[in-house]
Every structure is written in structure tokens, then in C-alpha cells.
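K.L.:
Residue numbers (this note's numbering), protein chains in the order written: chain A, 1 to 779; chain B, 1001 to 1153; chain C, 2001 to 2264. This is the structure I want to talk about, given as C-alpha cells.
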Amino acid sequence: MSEATGIGASVKRREDLRFITGSGTYTDDMNQPGQAYAVFLRSPYARAKIGAIDSSEAMAIEGVLAVYTGQDTAADGLGDIPCGWLVKSKDGSDMVAAPHPPLAVTQTNYVGEPYGIVIAESVAVAKQAAEAVTTEFTELNAVVDVASAAQSEQIHEGVVDNLAYDWELGEKAATEAALASAAHVTELDIINNRLIPNAIEPRAAIGCHDRVADHFTLYTTSQNPHLERLILSAFVKIAPEHKLRIVSPDVGGGFGSKIFVYAEETAVIWASKKVGRPVKWTAERGESFLADAHGRDHVTHAELGLDADGRFVALKVRTTANLGAYLSTFGAAVPTYLYGTLMAGQYKTPNIYVEVQGVYTNTAPVDAYRGAGRPEATYVVERLVETAARELGKDPTDLRRMNMIQPGDFPYETPVALVYDTGDYEASLDKALEHSDYQGIDARRVEARERGKRRGIGFACYIEACGLAPSQLAIQLGAGVGLYESGEVRMHPTGSVTVFTGSHSHGQGHETTFAQVVSTKLGVPFEDVEIVHGDTGRVEFGLGTYGSRSLAVGGSALVMASEKIIAKARIIAAHMMETEADNVTFADGVFSSSNQQVTIQEVAFAAYVPADYPEDLEPGLSEKAFYDPENFTYPAGTHVAEVEIDETTGVVELVNFVAVDDFGHIVNPMIVDGQVHGGVAQGVGQALLEHGIYDENGQLLTGSFMDYCMPRADDLPDFTVDTTVTPCTHNPLGVKGCGEAGAIGSPAAVMNAITDALGVKDISMPATSEKVWRALRRE
Amino acid sequence: MKISITVNGRQHDVDLPQTNALLVDVLREQLHLTGTHVGCDTSQCGACTVHLEGRAVKSCAILAVQVDGQAITTIEGIGTPDDLHPMQAAFRDCHALQCGFCTPGMIMSAIDLVQNSDSLDNRAVREGLEGNICRCTGYHNIVKAVLQAQESM
Amino acid sequence: MYQFNYHKPATLDEATALYKEADDPIYLSGGQTLIPTMKQRLAAPTDVIDLAGIDGLSGITVSGGVVQIGAFTRHAQVAESEAVRSAIPALADLAGQIGDGQVRNRGTMGGSVANSDPAADYPAAVVGLGATVHTDQRDIAGDDFFKDLFETALQPAEIITSIDFPVPTRAAYQKFPNPASRYAVVGVLIADFDGTIRVGVTGAGPCAFRACSIEDVLNENLDPDALDGVEVPDAGFNNDLHASAEYRAHLVKIMAKRAVVQLG
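Here you go:
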């Protein structure tokens, strides 16, 4: 029996064969004839004026081709790297976007910021030359602390109080009034710790310029090559789009950090024309730590008002979000439209008001990292709810249950601008309680106590909005691009199919799931469908992969294109069977009339060899579609963490983790489970291990895996994952995004478990052993 | 400076550009065996793991000159698409990889772990893989794959 | 990595001669610390002298109540050695907790001890077991070997050849690993030599040391609870991102208690 390959089957991934045999092609595995190598000049200071740069000694080293600085890119007319989302402040004014030149020209604003590029015959020579460049810096006071950034020295000219924007959402007066009359108000001060994404493949780029055609090709580690092309073309002015090709081959993880347009890739493609040679750059991990966009980094005060019965009456949130030194590609949107809009969570809180001050600091830019705004929102809501339950002496699951939006309430419009289409939150909660044996927790606490361990359980009932949409609304709200996705289904004369998607896979398994979708829709063998992605030279357009959008948006585009194929093929089939199209049915790759059948492969052949063919119908069988979703998808679920804390050392062990998620219909359950596992591990990492720390001078203290603690296998238990299903109401597959859920629910669940075990109101992430030990000592 | 090494059963005479060339550099750049990856600069992520004289080592923490005369096996040397090593097969079977970047190193470590342990349970696999970082899978399916491969190795 | 001259001497004499001739030489043993350090351009020796070609530096022998381990013996060999496991199981345990599997397959005992990294594991055994460090020139008592942060009693050019670990009645090693680097935040080795207790501590201070206050208490009463009242002063302890001096002092006590429990 052959393996099932349709929608819903756990098809083994076809991309795996190359990865497990070492035959993947990542950017650093590629080389171009005659290539030279780049090393960047990076600021040793968090904030410094750039004075004279002397590269004469470097240029004298044999094998050095060029040393360029920000002066050179500026002189060449290279544009700034833009932020792709314009956020407006409370008073209606536009956010203040500090200019972000690809290479710093007059001032550097974070440690590791590139201000020059050295190009040589080898990396070793380029490094030697970079060390030989002398730069006169005048060090300035660094602004590092997010909470006091507004009261600190001004970093950028024209940015008063280092404030990019002061944004709000919801009804302030009504929320404050409801809080004032609430029977109980739970307050929390919360820090959402800075994270460093650390995809295991460091960023890399090879820029090439064809002098004859004046055409550029950039091979790079991008999650969204078309967006990169658009920005490099329209804003940075590298070249017009038809003269610029971006190829994103196998990419070793992204988690958001490879969405953005960075200085290094920009400088490499620009420099390839200047030196007339392909230029290759591969980040060392230390560079990734310094110069990849970081994630999270919020300071928040939040208040939840409840009535005498425990019903939520109001939620007020004030957050200061660290944007870093510059606004990265989506940096402005993450702590606003991807954060404030999620504050209703799974609950019918009638009054919500969120205000967010986005501040600049002399740290690496902060942008989307797996979950992007939604883990932060979930952390606020779910830490508050759990704390409120404790303060009121209620069971935390009961308190949640009585406030949850019920299945009959959908579509449900929240006070913070979203309309949830569907869900059944209690179903996930019930299943999660069963898997986690909530009934037995008291016995487990007692048993643990006998072993000198404090056992605690914590919940997070999260919701997320993913597959950002729709384009028109997003653009009204400040998005600089549409949020649709493109797809092309090209059926060949012999019936095999090449599919082109604007979505990009860097671990998600598109080559498998998208083939499952198209082969099921067209009724052709799975093996006959091949997926092409990650090359602006082959794929028409696309917005890439971020925000758990690939299947919900990109997959939907492929369904639309497949349906167009079927519609056209039906006309051809009807002609072949000498009947009307209306009389033809299609199932499992076969068109049937009352007395005849033709396969879609036969139709394809007829379409390309149109001997006897419908009049007025174009030959060929290839269709494109752009799918623009009418709404977000709203995955939701319950995560339950159980921890044991060693009373003597403060070490927290995650002993059990249950995730029950509603992703709507599922195309490949194996892959979905894997996405949840990975997301949970990153969320647990945030809660227990990971923290990007700068010292008061803006030096990154956690600049390597020696000091930045990545989750290892022995830090984690096996996870229990399960799903419930309420299909998305507005996309053709009924699917919701699954890539970020794990990272969204888990930090709050883990921290709720830790505070439960300790009996303390709050402890900041990551809950390191020393922090926990200190909390235990305060008892 | 010349060294002679046996890689995946084939002997290579390699002319090192400089004495400071790392084993991983020679594998990737001179022998074009790009399945061995570099994921960090502090010799911690384990993406560069290969077998040296049969044991897992980090090829980014070894100078090429140090292995003159020795035998190295890389991910390219343990199986082919048509004839996978049981560990490779188990990784695919259990969905133990996503982006694939850490995978070669993870597989090479896992093979050493299984070969040099009596009988591994879940915890022992987790502890045995502490020299390899994966950012995608949360390790759940990697552990499952190693336990599965153990049965057929 | 900066450029350097590479040497692979065949004898100790040749190695020391090379060392003395070079401007800024360094010995290379397993290289698990040195090579990453050089790779990050934090060390720039002019000459790297690889000790791998010298015969007789590797191996394990047990006789006369002493486990002798050659300096070039790799951590995995010690961890997996039946001889070590039956004579001093705590030493095999310790070796099995160094770094990670790949590091243990490559790193050597001599390299680790000579480097005197404050967070390395072996120094706890050298001190705790009262080892004797043999060099090409002399014998150095374990108690006198570690001097300070990355500083030992070794003279320039001097090479560790082997280390003798006296076999105790029983011993135990307890490590509190740094979750990021897996080095020891604190490691405590407790050895019982016919009722005389030695306590070696690594990770807590600038280099490994004997915890005399703990030894005194345990010599009176070899009971984990006896340590409850002991003050471990944190003066001079390491204080960094991963653990304050105060927390390290607390961990020394906790790891010591656990080691006593493990002694059985």
C-alpha cells in the first residue's frame, strides 16, 4: 500500500533527503567564480561620532580590493533602509523614523553597527585589513535602559525623548471608568526579556553584478526574497526590480530574523558592482548576536479589573517597547498592531485600553521574532488572569472559563480592532486539563515536596492573529506592502505540475505540504508536483514567510490557482467529451460526463497540443492567483506547564508541557506537531534560559553561546501536543497558522507554573536558578 | 603545508593554504563537502560535528594539521539517498529536522552516542546530545529518532 | 585566527626546546579551549607546539593505590575507563561531565589542568584527591598547583606528563553546570581517605581550591546536615552574569552536601 499523500496525511518530508545526506544548498555552501570576501567594520561603541577613517594601511595589504565606508554608500546615492510600517501616535502624528543608512555615516548607534566594508581575496586577509583600518571615534553616552530612555540623552537628531511614537488603541476613558468601579483590580509590572533569535544558520550573502547586462543577483538567507528585492530597489536604489534578482536557497531557520533587510546584504550587493567581482559575506555567530534584529524587550504596567463575580470588566496596559537604535523592517508594527490588538485574548473583556511608547536605545534594532508581539500580549493577559485568580482565591481555569468567548459569540468583535471568526476555547482547555491531569496536581505537589521540590502548574489560554490581513486595512493602518500571497500552478503537457509560491520555506516543509494541497486539489500524484520558491527570477511575486502565514495565505493562493486550472480544464474536457462544461464533474483528477471520462493529464496534453480544441480558448494550462485574505486567522489554545523547583538551588525543571491548539484543518499533522514543538522550546527558552543583556555602556554581555543560553535537549521534556478543530471560516482550506503558537502560549504557562510553585506574585523572565533561589530565600 | 587525510574512505592529499586552517574549512572549501556546517564561533553548536577515527568531534575546534594521517567521516560518508544510515532514516521518519542546518552534526553526534552507549533511554539521549543545538525542533522528535535508530543499529 | 608556526615535536625535549626558541609560543594538546580562543582572535601565539606526536603521554594505569593518567589522555577515555571507574568512580564521573560528548572525545586532562580555567572540572579532582602533577621537570603537589585565574605553578615551557590520583576510600563529584556553557558554576569533589576528608572546589573562585572550612566540619562529622551551619565566605569568589559570589558560595555548600550524600 502506498503512503497516503493527501490533505490530512502525515507525509514524510521530501526536502529531508537532501538535508540528512548533507546535500542541502545553503548560501554559504555556494560560491561564485572570482568571488571576493567581505568583512565589516563594526562599531565598538554603543554610541559614537565617527571621525576620520584611515584605510591606507589596510589597502596596502596584499589581496585587499577595497575599503568602503558610509561616506561611499552615501556618495553613491544609496538610500536609507526603511521601516515598512508607519505607526501614528495618539495625536495623529507620524512616528519619527530615524534615518537608517546601510553603513553608518556620521554616528554609530549600537555596538556592532556596520560603518564600513572591507573586501579582499580571502576572509583572512579581509579580517587582517579590517583590523588595520583606524577610525577616530568620539564616544558618546549610551542610552541602554528602556524604562528611562525617554529621560536620557537624545540619540537621533529630531527624535525628542527618544520617542518614535506614543501609540494607543481602545477607549481610554471607558476603560479607566470601568477600572475605577471594578470590585477588584489586579496589577502587574512585567518585563518581557530581550531575546536573540539565533537561527543556527548565520546570515550570509553573495552579491553578483553582471557588467554587460547591468544586472544584479543576490544569493542570501532571506525569508522573503521579493520583499527584499522591493526594498532594495524602491528605497535603497540598488537597481530597478527587473535588474535585481534575489535567490534565497536552503535557509537554515529564520524565526523572523531573516525577514528584514539588513545593512550587510545591502552593502554586499552594492559592493559587487563597485569591485566588479562577486562579493561573499558569511556572518560569524558573534556578528549574528550583535547585528541580527533582536526580539521582545518590553516594560509593562497592566491592570485587570474584575466585578464581584470575577468577570473581567476592564484591561489597561501601558508598555514601553525597546525598538533598538533604528526602526527595523517591521519594528514599528510589532509592539503595536501585533501586540495591542491581542489584548482581548480569549475573553469578553468589554473595555480595553493599550498605550505603547516605542523608544530608541543604543542597542541592536528590535523586530519580529517568532510570535512577534503576540507572545508579549499573551504574557500580559495570561499572567494577569492567573494572578487575579490567585488574588481572588479562584481556580485559574474556572476564572478563565467564565470569561471566555463562547462558540455562539462568533464572529466576535473585540474592543481592540479584531474580529475573531471562530473558535472553541473551552474545548482546548478541557483537552489540555485532561492531558495534564490537573485533577492530580495536589497529589503531585505533596509527592514533590517530600523530595525537596516545589511543584507548580501554570496555564496560558492564548489567542493569536496570524496571516496578517487584509491588505487594504493593513495599508490603512500603516503597512507599506500588501499582505496577499501569489501562487502559480503550471501543469505541463504530460500532466506533471510545477508550483511557484511567493511563500518561502526555511524549515516549514512547503515542498511537502504545498504539494499535498495541489496534488489533492488537482487529483494528480503527489510525486508529480514540485514546489519552487525562494527565487525572484522564477517566482512572479510574493511576500514571503512570516507571521504564520504560509499555508493560510500562500496555500490559499495555490488552491485558487488550482481551481482556475480545473475551471479551464473542465471546458477542455467538455469539448473532448462533446458535452457542455456544466455537465462535467471533476473528482480525483478525472473529468466525467454522463458516459465518458478524461483524466486531467489527458486534458493537459490537449491544452498544449490543441488539435481538436474549444474555440476562443487559449492553449496551455498554467494559472496564477493572488490571494488576499479577508481577515487574520485566529489559532487559539491552552498550554499547560508543570515545573519542579529545587528548593536548595532554585533550579527549575520543566517536567511536563501540554499544548492543545486549534489550527483549524490540518494538512500535515506531523509537520504541525513539529512546529508546535519548536515554538514551545523557544518559549520555554524565553521563560527559563534566554536573555540578551547589555551593560550600561551598551556592550552586549551575552554575545555568544557561552553566555546566551540556548535550550538544549536536556533542558526540555517530551511535549504532549494535541489539537481541536474549528475550521477558519474565510480561507478555502479552513486552516490557521501554526508556526508561532508554541512560542506564544508557553512563556506565560511556564511563568504561571513557577509563580504557582513559589507562591510569589511575579518573577521576571528568564527564571534563572539564582533568581528563583533569591525568591525562595525571601520567604 | 601538505597533509594526507582519509575522508569517507577516500584518501586526499591536501595542500593547506595556511597552518591555521580548521578541519571544517578544509572539508567545506577544499574537499567541497558542504554538508558539515558552521553555526557558531565558540565551538558549541555542534553543527560541524564529524567523526575522527570513529568518534564525534567538532571540526571547527580542530586544526587540519592535527589530523594528518587520520580518518574522517562526514555526513556525506555515512549513507546515500538510496541507502540511508539507520540514523538518517530515523531522522526522516520521525520528522527530526526542519531547516536541516544542524541536522548533519546532530546525526553524527547521535551515531557516536548510540555506538558508544549500552542502552539509551530518553534522558540519556537528551544528555548525550548536549553538544548540539537545534533551534527548530524542540528536540522532541530528535530524541524519538535516536531511540528509534538505536533499535536498528 | 592569526597566523602561526606549527610544530609537532616527537619528544618532550624537542617540544621544550621549540618553546624556548619561539617568541610567544603555546602548547597544543586537545585544543578544545585553545582553538576556539585563537579562532576568536583572543589569543595570538607565534608558535603552536602540538604535543600529539610525543609518545607516552597518553594512557591510564592503576597500581599501588594510585591512578596514573597520562596528560594527553582524552576525557572520554577517562570517563569510559573500567580501571578508573572501579578505582575512583568519582573521577570517571567528573570526566564524563566535562563539556559535551564531542569535547570529551578530543579534550585532554593535561590541557585542562594546565589551563586552570576557573570553571573547569578536573582541577576539583586534582585538589580534592590530593593529586600529584608530574611534569617533564618535577612533581607538583595538587594543593600547590593552581595559583590564580589561568595561572598555575608551571614554569614557561614546562609540560605536564601525567597526574597521579591517590585512590580514596570513596569520593564523589557534584557539579552545578552553567546552563549556557556547561562549564562548572561550582563543582565540588569530596574524597574520604580512611576517614580524612578532602574537599576540592572549582568554579567558585579564580582557581580551584580546598574548602578547609567544609573539610574541618566533615572531618568531625561526615554528615550532610553537619554542613548546615557552615559559612562559606564568598570573598574573592567569581561574580558574573551567571551567578553572584553569594550564590556561588551557597552552591558550594549545597554541592558539598550532595557529594556527602553521594559518598553513601
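No residue lacks a Cβ here, since even glycine has one placed at the ideal position from N, Cα and C.
Cβ of Leu2251(C) less than 8 Å from any chain A Cβ?
P.N.:
Closer than 8 Å to some Cβ of chain A, the Cβ of Leu2251(C) qualifies, so yes.
K.L.:
Which stretch, first to last residue, makes up the beta strand (DSSP E) that contains Arg2041(C)?
P.N.:
From DSSP, Arg2041(C) is part of no beta strand (DSSP E); its letter is neither H nor E.
K.L.:
For Pro2036(C), go through chain B and note every residue whose CB falls closer than 7 Å to its CB, in chain order.
P.N.:
Chain B residues near Pro2036(C): Thr1042, Ser1043 and Ala1061.
K.L.:
Leaving out the 5 sequence neighbours to the left and right, which residues in its chain are closer than 7 Å to Lys2008(C) when beta-carbon positions are compared?
P.N.:
Same-chain partners within the cutoff: Asp2050, Ala2052 and Gly2053.
K.L.:
Classify Ile763(A) as helix, strand or coil using the three-state DSSP reduction.
P.N.:
Looking at Ile763(A) - three-state DSSP - the assignment turns out to be coil, as it is neither helix nor strand.
K.L.:
Closer than 6 Å by C-beta to Tyr608(A): which residues in its own chain qualify, once you throw out the five before and the five after it? Chain order, please.
P.N.:
Pro493, listed in sequence order.
K.L.:
CB-CB under 6 Å to Leu551(A), same chain, minus the five flanking residues each way: which ones, in chain order?
P.N.:
Answer for Leu551(A): Val735, listed in chain order.
K.L.:
Is it the case that the Cβ atoms of Cys1099(B) and Cys1045(B) are separated by a distance below 8 Å?
P.N.:
No, Cβ-Cβ distance for Cys1099(B) and Cys1045(B) is not below 8 Å.
K.L.:
Which residues of the region 676-698 of chain A have a Cβ closer than 7 Å to any Cβ of chain C? Give them in chain order.
P.N.:
Within the region 676-698 of chain A, the qualifying residues are Leu689 and Ile693.
K.L.:
Sorted by chain position, which residues of the same chain lie with C-beta nearer than 8 Å to Val133(A)'s C-beta, five sequence neighbours on each side aside?
P.N.:
So the qualifying residues of the chain are Leu41, Ile53, Asp54, Ser55, Glu57, Ala58, Val67, Gly116 and Val118.
K.L.:
Mark Leu861(A) as exposed unless 16 or more other C-beta atoms lie within 10 angstroms of its C-beta, in which case mark it buried.
P.N.:
Nothing can be reported for residue 861(A): it is not among the residues displayed for chain A, which extend from 1 to 779.
K.L.:
Buried or exposed for Met1(A), please, with buried defined as at least 16 other CB atoms from any protein chain shown within 10 angstroms of its CB.
P.N.:
Because the pLDDT of Met1(A) is 40, which lies under 50, any placement of that residue in the model is unreliable, and the number read from its coordinates should be weighed accordingly. It is exposed - the Cβ of Met1(A) has fewer than 16 other Cβ atoms within 10 Å.
K.L.:
Mind checking who Phe657(A) pairs with in its DSSP beta bridge?
P.N.:
Note: Phe657(A) sits in a beta bridge opposite Ala641(A) and Phe719(A).
K.L.:
The region 1102-1123 of chain B: which residues have C-beta closer than 8 Å to a C-beta of chain C, in chain order?
P.N.:
If the cut-off is 8 Å between Cβ atoms, the region 1102-1123 of chain B has Ser1109, Asp1112, Leu1113 and Asn1116 near chain C.
K.L.:
Give me the residue from Cys1048(B), Tyr1139(B) and Pro1017(B) with the minimum Cα distance to Ala1061(B).
P.N.:
It is Cys1048(B).
K.L.:
Relative to the alpha-carbon of Val553(A), which residue among Val643(A), Val658(A), Cys738(A) and Arg451(A) has its alpha-carbon at the smallest distance?
P.N.:
Among Val643(A), Val658(A), Cys738(A) and Arg451(A), the Cα nearest to that of Val553(A) is on Cys738(A).
K.L.:
Anyone know if the C-beta pair for Pro2233(C) and Asp2148(C) falls short of 8 Å?
P.N.:
No. Outside cutoff.
K.L.:
In the region 2024-2055 of chain C, which residues sit with their C-beta less than 7 Å from some C-beta in chain B, listed in chain order?
P.N.:
Under the 7 Å Cβ criterion, the region 2024-2055 of chain C contributes Gly2031, Gln2032, Ile2035, Pro2036, Lys2039, Gln2040, Asp2050 and Ala2052.
K.L.:
Per DSSP, which one or two residues make a beta bridge with Phe312(A)?
P.N.:
Note: Phe312(A) sits in a beta bridge opposite Leu306(A).
K.L.:
Within its chain, find whatever has a CB closer than 7 Å to the CB of Gln2152(C); leave out the 5 residues flanking it on each side and keep chain order.
P.N.:
In the sequence under discussion, the amino acid at residue 2152(C) is Thr, which differs from the Gln named in the question. Once the five neighbours on either side are set aside, the close Cβ partners of Thr2152(C) are Ala2114, Ser2116, Phe2145 and Phe2146.
K.L.:
For Glu488(A), report the span of its beta strand (DSSP E) as first-last.
P.N.:
Per DSSP, Glu488(A) belongs to the beta strand (DSSP E) from Glu485 to Met491.
K.L.:
On the three-pair Cβ rule with 8 Å, is the region 348-368 of chain A touching the region 320-335 of chain A?
P.N.:
Touching, yes, given that three or more Cβ pairs across the two stretches are closer than 8 Å.
K.L.:
What are the boundary residues of the beta strand (DSSP E) that includes Ala713(A)?
P.N.:
First-last for Ala713(A): undefined, no H or E at that position.
K.L.:
Around the Cβ of Arg449(A), are there at least 16 other Cβ atoms within 10 angstroms (buried) or fewer (exposed)?
P.N.:
With fewer than 16 other Cβ atoms within 10 Å, it is exposed.
K.L.:
Please report the straight-line C-alpha distance between Ala46(A) and Gln357(A), rounded to a whole angstrom.
P.N.:
Cα to Cα, Ala46(A) sits roughly 22 Å from Gln357(A).
K.L.:
For Ala641(A), which residues in the same chain have their Cβ closer than 6 Å to its Cβ, ignoring the five residues on either side in sequence?
P.N.:
Closer than 6 Å at Cβ, skipping near neighbours: Gly458, Phe657, Ala749, Val750 and Ala753.
K.L.:
Measuring CA to CA, which of Ser2029(C), Arg2041(C) and Ala2243(C) is closest to Glu131(A)?
P.N.:
Among Ser2029(C), Arg2041(C) and Ala2243(C), the Cα nearest to that of Glu131(A) is on Arg2041(C).
K.L.:
Give me the Cα-Cα distance between Asp309(A) and Pro407(A), rounded to the nearest whole angstrom.
P.N.:
Cα to Cα, Asp309(A) sits roughly 22 Å from Pro407(A).
K.L.:
What in chain C is Cβ-close to Asn990(B), meaning under 9 Å?
P.N.:
No answer is possible for residue 990(B): the residues shown for chain B start at 1001 and end at 1153.
K.L.:
Using DSSP with H/G/I as helix, E/B as strand and the rest coil, what is Phe500(A)?
P.N.:
Strand, per DSSP.
K.L.:
Cβ of Tyr369(A) within 8 Å of Cβ of Ser257(A)?
P.N.:
Yes; because the gap between Cβ atoms is below 8 Å, this pair is in contact.
K.L.:
Whole-angstrom Cβ separation of Val125(A) and Gly34(A), contact assumed at under 8 Å?
P.N.:
Not a contact, Cβ separation roughly 16 Å.
K.L.:
Could you work out which residues of chain A lie near Ile2254(C), taking near to mean beta carbons separated by less than 8 Å?
P.N.:
Residues of chain A passing the Cβ test: Thr648 and Thr649.
K.L.:
Any idea which residues DSSP pairs Glu121(A) with across the strands?
P.N.:
According to DSSP, which records beta bridges pairwise, Glu121(A) is partnered with nothing at all.
K.L.:
For Arg2074(C), which residues from the same chain have a beta carbon less than 6 Å from its beta carbon, with the 5 sequence-adjacent residues on both sides left out?
P.N.:
For Arg2074(C), where only same-chain residues beyond five positions count, the Cβ hits under 6 Å are Thr2108.
K.L.:
Counting along the chain, where does the beta strand (DSSP E) carrying Tyr2006(C) start and finish?
P.N.:
Its beta strand (DSSP E) spans residues Asn2005 to His2007.
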